[in-house]
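The block underneath contains the structure these notes are about, expressed in structure tokens.
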Amino acid sequence: MSQSIAAPPGGSQAPISEGARWMQIVVGIVCMVAAANIQYAWTLFVPEIQATHGWTRASIQTAFTVFVVVQTWLTPIEGYFIDRYGPRVIVAFGGVMTGLSWIVDSYAGSLGMLYVGSAIGGIGVGCVYATCVNSA
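Letter 35 of the sequence shown, counting from 1, is numbered 100 in our numbering, and no numbers are missing.
What follows is the structure, given as structure tokens:
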């Protein structure tokens, strides 16, 4: 059984050295760790958000639901963009979106703005996760 590998956008398929493969794994791990804090540390922020704004815990946790739904359901679309533009562009875009979500969430004065920031974060983390998992 043989497999054919499609050439990446804008170039021919060249063999990847062993060192470059390890570098891809290291960079992927760093990207995943950097993006994961928005997901795995979320519960640490909920009490402070609740104390600051007086919102119910359920309404604050809805922001996390928005984040997870956007992150997971957009993965097929992100896969298309990875194929079209390459992993570096998509990881960089994901990093920018993740950072933007932290900024939006930090200035959120309403639940709606918190939900928008969570959706932006879902897009960003989804881009990073989809790219790194596909490259592994």
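The beta carbon of each residue, even a glycine, is placed where N, CA and C say it ideally should be.
No experiment lies behind these values; they were computed from the predicted model shown.
Option in the options with minimal Cα separation from residue i
i, options, result
"S166", "A195, I147, W107 and P80", "W107"
"P112", "Q104, N102, Y105 and I125", "I125"
"V190", "Y105, I114, Q115 and S175", "Y105"
"N199", "E83, P80, I94 and G84", "I94"
"L176", "V133, Q115 and V98", "Q115"
"V181", "V193, A195, T163 and Y194", "T163"
"M97", "L139, T130, V156 and P141", "V156"
"V154", "G174, W138, A195 and S171", "A195"
Burial state of residue i (16 or more Cβ within 10 Å)
i, result
"A184", "buried"
"T117", "exposed"
"E143", "buried"
"M66", "With a pLDDT of 48 at M66, under the threshold of 50, the modelled position of this residue cannot be trusted; read the value that follows with caution. It is exposed - the Cβ of M66 has fewer than 16 other Cβ atoms within 10 Å."
"L179", "buried"
"S88", "As written in the sequence, residue 88 is Met, which differs from the Ser given in the question. Counting Cβ neighbours within 10 Å, M88 comes out exposed, since fewer than 16 surround it."
"G187", "buried"
"T121", "exposed"
"Y145", "exposed"
First through last residue of the alpha helix (DSSP H) which encompasses residue i
i, result
"I125", "R122 to W138"
"I103", "E83 to Y105"
Residue i, DSSP secondary structure in three states
i, result
"P152", "helix"
"M66", "Here the model assigns M66 a pLDDT of 48, short of 50, so the residue's position is not dependable and the matter cannot be decided."
"N199", "helix"
"Y172", "coil"
"G144", "helix"
"G186", "helix"
"P80", "coil"
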